[in-house]
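First residue of the sequence shown: 397, per the numbering used here; consecutive thereafter. In this text, a Cβ means the ideal position worked out from N, Cα and C, and glycines have one as well. All values derive from a computational prediction rather than experimental measurement.
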Amino acid sequence: MPNLDIQIKGLALCHFDESNGNWRVFFPKAENHDFKIIVEKFNTTGRLLSLREYVIPTATRMNLVSKQITGLATAQNNVTSSLNIFTLHNEPITLTSEISKYAGLLTLHNCFLKSRFHPDSPLEVDIWDFRQPVDPPTPQNPPTKEWVDRKTVATEFLTSFETDSDSSVEITMQTDFEIRSESILSVKQEDDVKYVVTFSNDCEGANCETESDFKFFYEIIDETGFNIKRRFELILVDPPPGRGRMGNPCGGIIVQGDELSIPNGL
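Rendered as structure tokens:
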């Protein structure tokens, strides 16, 4: 049974690097979102023993490396339930090189990743296509808004490990934006204990219940590279009461294979 879970919640763009087998995760910086690492410790009955939260500075580069891990509980990548932004635009996606646009950049070394729906209330969204004319809009050439699809979208990504006692996962962090700093967070495994490490970029503001956060992904996308000038918006279908306290309305997205261009230095 897995006794170490790594979770990714909130605004996160995930990409699998086939050249080295690592996952890259890009977190857009967004208002009302505190990017942080949450470490939870549970006993065998599921009782929470401790909880620690670490707020991470803007544009922190992070590497997660497992040490002396016995094996992956889920030995395959499965992100089929997540939204692929390439399938919306139908043209390659290029990330911006402006490091200040990112809340954080994470590399998962030798990890498998799977997407999953919200465990209590899966999110159903309407997808809208907003197009802008190449020339300034006029009454004869206005912007357009078109409904595309209705989907249930994944809100979390997860990888799980089976570990031996005294094994660990290490998260190295480095930031060179404003003040350069380096640090290591090491989570050491113990007998009869389960750890859950969460990279959270979820909304904690008052507007989360009514506003779509999908727009913030375009903060880390170089839109000048698009042939068709448009954005997509995700709107919740029948949002449940208290949705604003449950996180943002869109969750994570993926871009697969050669469909994503990552500038040098990221």
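Val-583 versus Lys-432: straight-line alpha-carbon distance, rounded: The straight-line gap from Cα to Cα measures roughly 15 Å.
Locate the beta strand (DSSP E) running through Ile-402, then write down its first and last residues. Its beta strand (DSSP E) spans residues 400 to 406.
Would you give the residue range spanned by the beta strand (DSSP E) that Leu-447 belongs to? Unbroken beta strand (DSSP E) run through Leu-447: 444 to 451.
Taking only the alpha-carbon atoms, compute the straight-line gap between Arg-448 and Phe-438 and give it to the nearest angstrom. Whole-angstrom Cα-Cα distance: 12 Å.
Is the distance from the Cβ of Ile-402 to the Cβ of Val-589 below 8 Å? Result no, Cβ atoms of Ile-402 and Val-589 do not sit closer than 8 Å.
Report yes or no: do three or more beta-carbon pairs, one from the region 653 to 660 and one from the region 478 to 490, lie closer than 8 Å? The answer is yes - the region 478 to 490 touches the region 653 to 660, with three or more Cβ pairs under 8 Å.
Which residues bound the beta strand (DSSP E) around His-514? No beta strand (DSSP E) holds His-514; DSSP gives it neither H nor E.
Which of helix, strand or coil does DSSP assign to Gly-621? When secondary structure is reduced to three states using DSSP, Gly-621 falls in the helix class.
In chain order, what residues of the same chain have a beta carbon less than 6 Å from the beta carbon of Thr-540, not counting five sequence neighbours either side? Around Thr-540: Arg-527.
Find out if the Cβ-Cβ distance for the pair Pro-398, Ser-561 is shorter than 8 Å. Annotated as distal: Pro-398 and Ser-561, with beta-carbon spacing of 8 Å or more.
For the pair the region 507 to 524 and the region 441 to 456, tell me if three or more CB-CB distances fall below 8 Å. The region 507 to 524 is not in contact with the region 441 to 456.
How about Ala-408 and Gly-661: do their beta carbons lie closer than 8 Å? In this structure, Gly-661 does not lie closer than 8 Å to Ala-408 by Cβ.
Taking 6 Å as the limit between beta carbons, can you name the residues of its chain near Val-461, skipping five residues before and five after? Once the five neighbours on either side are set aside, the close Cβ partners of Val-461 are His-505, Glu-566.
Same chain, Cβ closer than 6 Å to Thr-440, neighbours up to 5 away in sequence not counted: The residues are Asp-588.
Using 8 Å as the cut-off, can you tell me whether the region 489 to 508 makes contact with the region 530 to 549, which would need three or more C-beta pairs spanning the two stretches below that distance? Of all C-beta pairs linking the region 489 to 508 to the region 530 to 549, fewer than three are shorter than 8 Å, placing the two stretches out of contact.
Rounded to whole angstroms, what is the Cα-Cα separation between Leu-581 and Thr-568? So the alpha carbons of these two residues sit roughly 6 Å apart.
Where in the region 516 to 576 do unbroken runs of the beta strand (DSSP E), each at least 3 residues long, occur, reported from the N-terminal end onward? Entirely contained in the region 516 to 576, the beta strand (DSSP E) runs reaching 3 residues are, in chain order, 519 to 527, 540 to 549, 552 to 571.
Which first and last residues belong to the beta strand (DSSP E) in which Leu-630 is found? Leu-630 -> beta strand (DSSP E) spans 626 to 632.
According to the neighbour-count rule (16 or more other Cβ atoms, all chains shown, within 10 Å of its Cβ), is Leu-445 buried or exposed? If you draw a 10 Å sphere on the C-beta of Leu-445, you find fewer than 16 other C-beta atoms in it, and that means exposed.
Selection from Glu-615, Ser-477, Ser-596 that minimises the alpha carbon distance to Thr-490: Relative to the Cα of Thr-490, the nearest Cα in the group Glu-615, Ser-477, Ser-596 belongs to Glu-615.
Own chain partners of Glu-542 with C-beta closer than 6 Å, once the 5 adjacent residues on each side are dropped: Same-chain partners within the cutoff: Asp-525.
Would you grab the beta carbon distance between Thr-503 and Asn-474 for me? Rounded to a whole angstrom, and I think it's under 8 Å. That pair is no contact at about 20 Å.
Alpha-carbon spacing of Phe-513 relative to Lys-463, whole angstroms: For the pair Phe-513 and Lys-463, the Cα-to-Cα distance works out to about 29 Å.
Residues near Pro-488 in its chain [Cβ-Cβ closer than 8 Å; skip 5 each side]: Leaving aside the five residues that flank Pro-488 on each side, the residues in its chain whose CB is nearer than 8 Å to its CB run, in chain order, Phe-482, Gly-621, Asp-654, Glu-655, Leu-656, Ser-657.
My assumption, with CB atoms under 8 Å, is that Val-421 sits in contact with Ile-404. Please give the rounded CB distance. Sure, about 6 Å apart at Cβ, within 8 Å.
Enumerate in chain order the residues of its own chain whose CB-to-CB distance from Asn-644 is below 7 Å, with the five nearest sequence positions on each side excluded. At Asn-644 the pLDDT is 49, less than 50, meaning the model places this residue with poor confidence and gives no usable figure here.
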